[in-house]
Every structure is written in C-alpha cells, then in structure tokens.
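At the far end of the sequence shown sits residue 640, using my numbering, and the numbering has no gaps.
Cβ atoms here follow ideal geometry from the backbone N, Cα and C, with glycine treated the same way.
Here the structure comes first, spelled out in structure tokens, and everything after it is commentary.
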Amino acid sequence: MAADDSYTAADERARAARRAGLQAKKDEQPANTARSYAAKQREWKAWCRTPRAAADGSLYSWPDGELVTPDKLAAWLKEDILLRRVAPPQKKPRARGRGKGKGKGKGKAVQLRQQLEQEQLEAAALAEAESLAEAL
Numbered sequence: 505m506a507a508d509d510s511y512t513a514a515d516e517r518a519r520a521a522r523r524a525g526l527q528a529k530k531d532e533q534p535a536n537t538a539r540s541y542a543a544k545q546r547e548w549k550a551w552c553r554t555p556r557a558a559a560d561g562s563l564y565s566w567p568d569g570e571l572v573t574p575d576k577l578a579a580w581l582k583e584d585i586l587l588r589r590v591a592p593p594q595k596k597p598r599a600r601g602r603g604k605g606k607g608k609g610k611g612k613a614v615q616l617r618q619q620l621e622q623e624q625l626e627a628a629a630l631a632e633a634e635s636l637a638e639a640l
C-alpha cells in the first residue's frame, strides 16, 4: 500500500511540476505573441469541437479533443487552412505630378495585363493548394 501511495504522490508532484513549467513558459511569453497565438488557438479548438461526417454518413468528433496529432493537423490543413483565399496586398496610389517624366507612368493596358497575370497566379496557387490538400 505504501508503494502505491508514494507512486501516486510522485505522479502528482510530476504533474504539478509540468503545470508550473508550462505556466512559467506562458508568463515569459511577450504579450503580443500571446495575443497572436490566442486567436489561432481558439480557431483550432473550435475546429476540433465541430462534428464532421464520416465516410458512412454518420457524424463524429475527435476522441482526443484538442490534442494536436499529425493526422489531425493534416486534416485541419486540408479541410480549412488550405482552402482559404488570401487577397494580395494592394499598393497605395502614389501622388501624381511630382518628378515624373514622360513615359514613366503605367498605361491602362499594362495595369490590366498585370492584374490578369496576378489572377492567373492566384488560380494556379489555389489549384496547387487543392491538390496538396487531396494528397494529404
């Protein structure tokens, strides 16, 4: 009996030490890092709680909850992250008339061609992301 009690006490001390270590690590984290991570962690937790359809049509949830595993991470990337469309950053229009010589501005045709090229790049990136998601 005494051996079981000492094992339980040691187990509890190990859990307490682990919790203290994790809390110390969290306390040392800069505030902006914690803020940045918080939104992503909430998103992960919500995704883990959302029931999904199995191949036979029944609904299931992850049995291990929010625990991060390689298979679950791959599923999250495939089902959620890789399907997102990210808009390219827009350039701010520059003030006209200061120091520009003749022929240095971009014509409408050049702008339209660049926009078309950008859309083609985005379509290719989306197709690649979808093929990667299917491969996972």
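- Message: As an exercise, report each continuous alpha helix (DSSP H) stretch of at least 4 residues that is fully enclosed by the stretch 568-600, in chain order.
- Response: Every alpha helix (DSSP H) stretch that sits fully inside the stretch 568-600 and reaches 4 residues is listed by chain position as 574-583.
- Task: Could you pull the start and end residues of the alpha helix (DSSP H) that Ala559 belongs to?
- Result: Taking the first residue of the sequence shown as position 1, residue 559 is located at position 55. No alpha helix (DSSP H) holds Ala559; DSSP gives it neither H nor E.
- Query: What do you reckon, are the CB atoms on Pro555 and Ser565 nearer than 8 Å?
  - Reply: Along the sequence shown, read from residue 1 onward, the residue named residue 555 stands at position 51. Along the sequence shown, read from residue 1 onward, the residue named residue 565 stands at position 61. Taking a C-beta distance under 8 Å as the contact criterion, Pro555 and Ser565 qualify as a contact pair.
- Determine which residues share a DSSP beta bridge with Leu625 and list them. The residue labelled residue 625 in the question sits at position 121 within the sequence shown. DSSP lists no partner for Leu625.
- Query: How far does the alpha helix (DSSP H) with Gln545 in it reach, from first residue to last?
  - Reply: By 1-based counting over the sequence shown, the position of residue 545 is 41. Gln545 -> alpha helix (DSSP H) spans Ala535 to Arg553.
- Separation of Arg522 from Tyr511, as counted between CA atoms: Working through the sequence shown from its first residue, we reach residue 511 at position 7. Working through the sequence shown from its first residue, we reach residue 522 at position 18. Distance between the alpha carbons of Tyr511 and Arg522 is about 16 Å.
- Query: Is Cys552 closer than 8 Å to Gly569 when the C-beta atoms are compared?
  - Reply: In the sequence shown, residue 569 corresponds to position 65, counting from 1. In the sequence shown, residue 552 corresponds to position 48, counting from 1. Yes; because the gap between Cβ atoms is below 8 Å, this pair is in contact.
- Message: Check this for me: beta carbons of Gln622 and Pro597, under 8 Å apart or not?
- Response: Numbered from its first residue, the sequence shown carries residue 622 at position 118. Numbered from its first residue, the sequence shown carries residue 597 at position 93. No, these two residues do not count as a Cβ contact at 8 Å.
- Task: Taking Ala637 and Lys582 to be in contact with their CB atoms under 8 Å, please state how far apart those CB atoms are, rounded to whole angstroms.
- Result: Here residue 637 refers to the residue found at position 133 when the sequence shown is read from its first residue. Here residue 582 refers to the residue found at position 78 when the sequence shown is read from its first residue. That belief holds up - the Cβ atoms of Ala637 and Lys582 are roughly 4 Å apart, short of 8 Å.
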